[in-house]
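Each remark here refers to the structure printed beneath this line.
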């Protein structure tokens, strides 16, 4: 074999071998996903799961009113995967939940997205920013 043919073969060999390598492996799904949801919405939470923001109930006392009971804010969610689901509530001041049914997936509410108690006839916005973290 001549030197010219050898050099040409050496230059072409990596191209030929890379063409046979196939598709590169898929990148792993992120372990943590940030979502912004309004009541009644659901979104892809990664790892084959969806998170639904089912509803809320807010009985907190407005700051300008004298109340016997301070009230509470409760959020209700459903975390679902292909073969199981977990319906749960988060009551403030707690801002997180860990799903044992779905392998320790943790849902955390961003405290900055929690509205203050409604004042008079002003309706509060209950749009939440959440983080879903898988172990």
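Numbering (mature numbering (1 follows the signal peptide of the UniProt record, and there is no 0)), first residue to last: -21 to -1, 1 to 114. All C-beta atoms in this analysis are idealised placements derived from N, C-alpha and C, irrespective of residue type, glycine included.
Spatial neighbours of residue 68 in its chain, beta-carbon cut-off 7 Å, leaving aside the 5 residues before and after: 53, 54 and 55
Please give the ranges of any alpha helix (DSSP H) in the region 1 to 49, keeping only runs that are unbroken, at least 4 residues long and fully inside the region. none
Separation of residue 62 from residue 93, as counted between CA atoms: 31 Å
Taking the straight line between their C-alpha atoms, what separation do you get for residue 23 and residue 38? Straight-line measurement puts the Cα of residue 38 at about 30 Å from the Cα of residue 23.
Rounded separation between residue 49 and residue 40 - CA only: 5 Å
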